[in-house]
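2 protein chains.
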Amino acid sequence: MNILITGGAGFLGSQLAARLLKRGEFAGQPISQLMLADIATPQGPLLADARVRSQVGDLAASLPALMTQPWHMVFHLASAVSAECERDFGLGLHANLDATRALLEGLRAQAERGGPVARLFFSSSVAVFGGDAVLPLPEVVRDGTPPLPQSSYGTHKAMCELLVADYTRKGFIDGRSARLMTVSVRPGRPNGAASGFLSGMLREPLAGQVSNCPVPLNTRVALASPDSTLRGILAVAEASAAQLGSRAAINLPALSTTAGEMLEALAQVAGSEARGLVSQTPDAGITAIVGGWPARFDHARASALGLAPDPDFATILRQYIDAHPDAVQLPSARQRLGWT
Amino acid sequence: MNILITGGAGFLGSQLAARLLKRGEFAGQPISQLMLADIATPQGPLLADARVRSQVGDLAASLPALMTQPWHMVFHLASAVSAECERDFGLGLHANLDATRALLEGLRAQAERGGPVARLFFSSSVAVFGGDAVLPLPEVVRDGTPPLPQSSYGTHKAMCELLVADYTRKGFIDGRSARLMTVSVRPGRPNGAASGFLSGMLREPLAGQVSNCPVPLNTRVALASPDSTLRGILAVAEASAAQLGSRAAINLPALSTTAGEMLEALAQVAGSEARGLVSQTPDAGITAIVGGWPARFDHARASALGLAPDPDFATILRQYIDAHPDAVQLPSARQRLGWT
Numbered sequence: 172m173n174i175l176i177t178g179g180a181g182f183l184g185s186q187l188a189a190r191l192l193k194r195g196e197f198a199g200q201p202i203s204q205l206m207l208a209d210i211a212t213p214q215g216p217l218l219a220d221a222r223v224r225s226q227v228g229d230l231a232a233s234l235p236a237l238m239t240q241p242w243h244m245v246f247h248l249a250s251a252v253s254a255e256c257e258r259d260f261g262l263g264l265h266a267n268l269d270a271t272r273a274l275l276e277g278l279r280a281q282a283e284r285g286g287p288v289a290r291l292f293f294s295s296s297v298a299v300f301g302g303d304a305v306l307p308l309p310e311v312v313r314d315g316t317p318p319l320p321q322s323s324y325g326t327h328k329a330m331c332e333l334l335v336a337d338y339t340r341k342g343f344i345d346g347r348s349a350r351l352m353t354v355s356v357r358p359g360r361p362n363g364a365a366s367g368f369l370s371g372m373l374r375e376p377l378a379g380q381v382s383n384c385p386v387p388l389n390t391r392v393a394l395a396s397p398d399s400t401l402r403g404i405l406a407v408a409e410a411s412a413a414q415l416g417s418r419a420a421i422n423l424p425a426l427s428t429t430a431g432e433m434l435e436a437l438a439q440v441a442g443s444e445a446r447g448l449v450s451q452t453p454d455a456g457i458t459a460i461v462g463g464w465p466a467r468f469d470h471a472r473a474s475a476l477g478l479a480p481d482p483d484f485a486t487i488l489r490q491y492i493d494a495h496p497d498a499v500q501l502p503s504a505r506q507r508l509g510w511t
Numbered sequence: 172m173n174i175l176i177t178g179g180a181g182f183l184g185s186q187l188a189a190r191l192l193k194r195g196e197f198a199g200q201p202i203s204q205l206m207l208a209d210i211a212t213p214q215g216p217l218l219a220d221a222r223v224r225s226q227v228g229d230l231a232a233s234l235p236a237l238m239t240q241p242w243h244m245v246f247h248l249a250s251a252v253s254a255e256c257e258r259d260f261g262l263g264l265h266a267n268l269d270a271t272r273a274l275l276e277g278l279r280a281q282a283e284r285g286g287p288v289a290r291l292f293f294s295s296s297v298a299v300f301g302g303d304a305v306l307p308l309p310e311v312v313r314d315g316t317p318p319l320p321q322s323s324y325g326t327h328k329a330m331c332e333l334l335v336a337d338y339t340r341k342g343f344i345d346g347r348s349a350r351l352m353t354v355s356v357r358p359g360r361p362n363g364a365a366s367g368f369l370s371g372m373l374r375e376p377l378a379g380q381v382s383n384c385p386v387p388l389n390t391r392v393a394l395a396s397p398d399s400t401l402r403g404i405l406a407v408a409e410a411s412a413a414q415l416g417s418r419a420a421i422n423l424p425a426l427s428t429t430a431g432e433m434l435e436a437l438a439q440v441a442g443s444e445a446r447g448l449v450s451q452t453p454d455a456g457i458t459a460i461v462g463g464w465p466a467r468f469d470h471a472r473a474s475a476l477g478l479a480p481d482p483d484f485a486t487i488l489r490q491y492i493d494a495h496p497d498a499v500q501l502p503s504a505r506q507r508l509g510w511t
């Protein structure tokens with residue numbers, strides 16, 4: 172089967188690609204081609220695999236070239252992120268809404284000319300949720316909680332969920348959407364996102380650098396590890412339409428934890444020197460933004476697919492350390508891990 | 172102020188125009204121009220009013236011409252209806268999603284070049300609601316019930332609600348969306364819509380013609396009269412953003428009644444001969460479609476704006492008769508009304 176991953180050079184896209192290549196099959200079918208479509212060129216060893224192709228460029232503009240061959244499975248992960256959409260309203264609509272619509276139209280044309288009815292996984296986000304004075308965010312967010320986006324990014328995700336469901340209802344694709352949770356611990360460099368500290372305040376101390384926790388320690392957040400997120404994507408993508416039972420988007424599982432518990436896990440796993448590298452200088456702006464995010468989820472539909480949240484933050488932290496041993500540079504942390 | 176009504180030649184659009192012209196003002200400002208944009212030419216006496224202009228053609232294609240002047244208030248009622256969207260998927264997306272987006276972009280450009288930030292009323296629909304095995308439609312639909320459209324028309328309406336809210340959040344427009352209920356009694360000729368009998372089984376007997384009730388008499392439906400619908404549109408359009416309190420769409424009030432109660436009202440108002448002209452030949456298809464529609468609403472937000480449902484169906488029927496006396500042709504009905 173031919174698989175297309177949009178956003179295939181990104182953090183989750185490239186890890187998803189590596190996982191699919193290692194398995195060699197998807198939904199019981201051998202993978203003959205894996206196309207990574209992205210505005211960036213894929214990095215690392217992926218391109219060395221004979222099954223892998225790459226299409227670099229704007230997704231909407233790339234679609235005529237991409238659709239010259241049939242696709243059986245599409246993981247649609249490409250997206251302009253929240254801050255980009257707030258900075259450039261038109262760019263956000265183009266990258267998120269227009270590109271998704273062009274992709275769906277390409278797959279509809281594929282089916283209508285007698286090609287395969289592609290299965291499509293759409294990567295939605297918890298950013299579809301929000302609350303206001305009239306319709307406050309409930310304490311626990313469920314699969315049936317009404318989306319009330321408070322950002323353009325969340326607006327686009329909610330709109331595309333609806334579009335994917337309607338193309339599916341019409342039989343043009345076999346689509347399904349899942350709302351991804353905030354992913355922690357992300358590797359790499361600090362970024363300007365409001366959620367950046369949820370990875371940075373762990374990653375930086377492990378690398379021997381100072382970091383800051385900008386929110387009160389009792390601030391509650393909902394997180395998922397990269398591994399848990401990838402397992403969620405694959406489970407939803409491989410489930411049959413009957414198993415899903417609804418065209419509505421599924422909330423992936425999230426661990427509900429607090430900033431304080433995350434830092435306790437850092438001390439427990441990497442030692443008190445690592446913990447000591449994290450200052451606690453409050454940032455009212457970040458505290459307000461993060462405080463508006465859902466922090467507890469009931470993920471009944473994901474549970475029915477066999478998915479569960481990460482058990483605790485120490486487990487998430489150990490996953491990061493195992494996956495990125497070179498990123499642990501603090502001598503006392505390496506010693507505590509038994510690496511010296 | 173300059174007011175634009177899209178769908179201004181339609182049933183609700185032309186009645187809204189007549190009401191605005193009679194008032195002469197909107198939100199305290201005198202109406203200097205009222206533009207009726209529609210694919211059809213406005214009928215009746217509207218065009219004789221010196222304040223009225225007309226733009227006939229596809230809305231998306233008309234927008235460059237329309238946007239050469241500033242708009243202070245837009246009633247966006249134009250829409251491809253449910254059956255059209257199911258028949259021609261691309262046409263539905265063009266007429267509902269693309270045209271709405273083009274209108275919103277036109278208003279954003281108006282604001283960004285220093286023109287007025289237009290107020291916009293978006294006419295959404297109860298068709299955004301639906302249920303399935305996993306997320307069943309609740310017995311009572313509330314303002315916060317999650318949309319789960321079961322048609323392309325409902326999908327487009329839900330998507331445009333989200334878009335209107337995001338343009339509003341960004342300050343490009345002052346937008347608000349209200350979900351209109353099934354309107355009864357509609358004047359005119361029978362149409363092929365599944366909801367057609369909800370007007371036809373009253374209108375046809377009054378005209379002295381036979382009609383049919385295709386659903387069991389205990390089938391429950393939610394209805395609003397044209398007058399109640401127009402009052403709802405104007406109240407939501409004139410409310411301040413603070414009064415609305417949320418950018419989420421408002422459900423307009425609906426009378427919850429049954430097919431049997433509607434026919435009892437017909438007998439009560441127009442006599443037993445009129446009632447006798449309505450056969451009861453079941454149609455399984457229509458029964459299934461209408462049975463999937465929400466039939467009871469909690470309209471807390473509309474109530475807070477002073478809106479209430481029609482009190483009973485006999486009142487709705489009398490409203491139709493008063494507005495369209497020439498449509499009552501059955502002699503026994505005219506006699507009962509004291510018109511002979």
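Each protein sequence line maps, in turn, to chains A and B. Position in the first sequence (from 1) plus 171 gives the number in this note's numbering. Position in the second sequence (from 1) plus 171 gives the number in this note's numbering. Just so you know, even glycine gets a beta-carbon here, dropped at the ideal spot from N, CA and C. The structure displayed is predicted, hence computed values, not measured ones.
- Message: Measuring straight from C-alpha to C-alpha, what distance separates Arg418/A and Leu291/A?
- Response: Locating residue 418/A in the first sequence gives position 247, counting from the first residue. Locating residue 291/A in the first sequence gives position 120, counting from the first residue. Arg418/A and Leu291/A: Cα-Cα distance of roughly 12 Å.
- Task: Anything in chain B within Cβ reach of Ala329/A, meaning under 7 Å, just list it in chain order.
- Result: On the first sequence, residue 329/A is found 158 positions in, with the first residue counted as 1. Those are Leu333, listed as they occur along chain B.
- Message: With a threshold of 9 Å between beta-carbons, can Lys341/A be considered close to chain B, or not?
- Response: Taking the first sequence and counting its residues from 1, the one referred to as residue 341/A is at position 170. Yes, Lys341/A counts as interfacial toward chain B.
- DSSP three-state assignment for Met352/A, whether helix, strand or coil: Working through the first sequence from its first residue, we reach residue 352/A at position 181. In this structure, Met352/A counts as coil in the three-state DSSP scheme.
- Skipping 5 residues on each side, what residues in its chain have a beta carbon closer than 7 Å to that of Pro213/B? Counted from its first residue, the second sequence places residue 213/B at position 42. Cβ neighbours of Pro213/B beyond the five flanking positions: Gly179, Ala180, Ser185, Leu207, Ser225.
- Contiguous alpha helix (DSSP H) assignments of at least 4 residues, all confined to the stretch 180 to 238 of chain A: 182 to 194, 230 to 237
- Item | Cβ pair Leu248/B, Ile176/B closer than 9 Å | Numbered from its first residue, the second sequence carries residue 248/B at position 77. Numbered from its first residue, the second sequence carries residue 176/B at position 5. Contact: yes.
- Query: What is the DSSP secondary structure of Arg446/B, counted as helix, strand or coil?
  - Reply: Your numbering for residue 446/B matches position 275 in the second sequence. Arg446/B falls in the helix class under three-state DSSP.
- Query: In angstroms, rounded to a whole number, what distance separates the CA positions of Met330/B and Arg347/B?
  - Reply: Taking the first residue of the second sequence as 1, we reach residue 330/B at position 159. Taking the first residue of the second sequence as 1, we reach residue 347/B at position 176. Looking at the two C-alpha atoms, the distance is approximately 14 Å.
- Between which two residues does the beta strand (DSSP E) harbouring Leu478/A extend? Counting from 1 along the first sequence, the entry for residue 478/A is found at position 307. Note, Leu478/A: premise wrong, no beta strand (DSSP E); not H, not E.
- Limits of the beta strand (DSSP E) - the one that Val293/B falls within: The sequence position of residue 293/B within the second sequence is 122, counting from 1. The sequence given here places Phe at residue 293/B; Val does not occur at that position. Phe293/B -> beta strand (DSSP E) spans 290 to 296.
- Task: Could you run through the stretch 223 to 240 of chain B and flag, in chain order, every residue whose CB is less than 9 Å away from some CB of chain A?
- Result: none
- Is Asn362/A helix, strand or coil by DSSP? Sequence index remark: in the first sequence, residue 362/A carries index 191 (1-based). DSSP places Asn362/A in coil when its eight states are reduced to three.
- Query: Would you say Gly315/B reaches chain A, if we count a Cβ-Cβ gap shorter than 9 Å as a contact?
  - Reply: Translated into the one-based positions of the second sequence, residue 315/B becomes position 144. Closer than 9 Å: yes.
- The beta strand (DSSP E) with Val392/A in it runs from where to where? Residue 392/A sits at position 221 when you count from the first residue of the first sequence. Run containing Val392/A: 391 to 395, per the beta strand (DSSP E) assignment.
- Could I get the ranges of all uninterrupted alpha helix (DSSP H) runs contained in the stretch 460 to 508 of chain B, with 4 residues as the minimum, in chain order? 471 to 475, 484 to 494, 502 to 507
- Item | For Thr429/A and Thr390/A, believed in contact at Cβ under 8 Å, the rounded distance | Working through the first sequence from its first residue, we reach residue 390/A at position 219. Working through the first sequence from its first residue, we reach residue 429/A at position 258. Thr390/A to Thr429/A, Cβ: 6 Å. Contact.
- Task: Using only alpha-carbon positions, find the residue among Gly302/A, Glu444/A, Gly286/A that is nearest to Trp242/A.
- Result: By one-based count along the first sequence, residue 242/A stands at place 71. The candidate whose alpha carbon is nearest that of Trp242/A is Gly286/A.
- Task: Could you tell me which residues DSSP pairs with Thr177/A in its beta bridges?
- Result: The residue labelled residue 177/A in the question sits at position 6 within the first sequence. In the DSSP output, where bridge partners are listed per residue, Thr177/A has Ala208/A, His247/A.
- Message: Strictly below 7 Å CB to CB, what residues from chain B border Asp469/A?
- Response: In the first sequence, the residue the question calls residue 469/A occupies position 298. Per Cβ cutoff of 7 Å: no residues; Asp469/A is ~13 Å from chain B at best.
- Would the stretch 318 to 334 of chain B and the stretch 373 to 380 of chain B be scored as touching if the rule is three or more Cβ pairs under 8 Å? no
- Task: Less than 8 Å between the CB atoms is what I'm expecting for Leu373/A and Leu437/A, so what's the real figure, rounded?
- Result: The residue given as residue 373/A occupies position 202 in the first sequence. The residue given as residue 437/A occupies position 266 in the first sequence. Taking a contact as a CB-CB distance under 8 Å, the pair Leu373/A and Leu437/A counts as one, their CB atoms being some 6 Å apart.
- Message: Give me the DSSP bridge partner(s) of Ser382/B.
- Response: Translated into positions along the second sequence, residue 382/B becomes position 211. Partner(s): Val449/B.
- Please compile the residues from chain B whose C-beta is within a distance smaller than 8 Å of the C-beta of Leu262/A. By one-based count along the first sequence, residue 262/A stands at place 91. Neighbours of Leu262/A on chain B: none; closest Cβ ~13 Å, over 8 Å.
- Tell me, which residues are paired with Thr428/B by DSSP? Indexing the second sequence from 1 puts residue 428/B at position 257. Note: Thr428/B sits in a beta bridge opposite Val392/B.
- So, do the stretch 294 to 311 of chain A and the stretch 456 to 469 of chain A have three or more beta carbon pairs nearer to each other than 8 Å? As far as the Cβ criterion goes, the stretch 294 to 311 of chain A touches the stretch 456 to 469 of chain A, which means the pair count is three or higher.
- Query: Applying a beta-carbon distance threshold of less than 9 Å, which residues of chain B neighbour Thr326/A?
  - Reply: Reading the first sequence from its first residue, position 155 is the one you call residue 326/A. Neighbours of Thr326/A on chain B, chain order: Leu333, Leu334, Ala336, Asp337, Arg340.
- Per DSSP, what kind of secondary structure is Gly263/A in: helix, strand or coil? Your numbering for residue 263/A matches position 92 in the first sequence. DSSP places Gly263/A in helix when its eight states are reduced to three.
- Task: Inspect the beta-carbon positions of Pro201/A and Met172/A and report whether they are closer than 9 Å.
- Result: For this step, residue 201/A is matched to residue 30 along the first sequence. For this step, residue 172/A is matched to residue 1 along the first sequence. In this structure, Met172/A lies closer than 9 Å to Pro201/A by Cβ.
- Would you mind reading off the limits of the alpha helix (DSSP H) that contains Phe368/A? On the first sequence, residue 368/A is found 197 positions in, with the first residue counted as 1. Following the DSSP letters along the chain, one finds Phe368/A inside the alpha helix (DSSP H) bounded by residues 368 to 377.
- Message: Does the CB of Val305/A have a neighbour CB from chain B at under 9 Å?
- Response: As a working note, residue 305/A is residue 134 in the first sequence. Closer than 9 Å to some Cβ of chain B, the Cβ of Val305/A qualifies, so yes.
- Any idea what DSSP makes of Val305/A, helix, strand or coil? Looking up residue 305/A in the first sequence gives position 134. Looking at Val305/A - three-state DSSP - the assignment turns out to be coil, as it is neither helix nor strand.
- Using a beta-carbon distance cut-off of less than 9 Å, what residues from the stretch 398 to 416 of chain B approach chain A? Residues passing the 9 Å Cβ filter: Leu415, Gly416.
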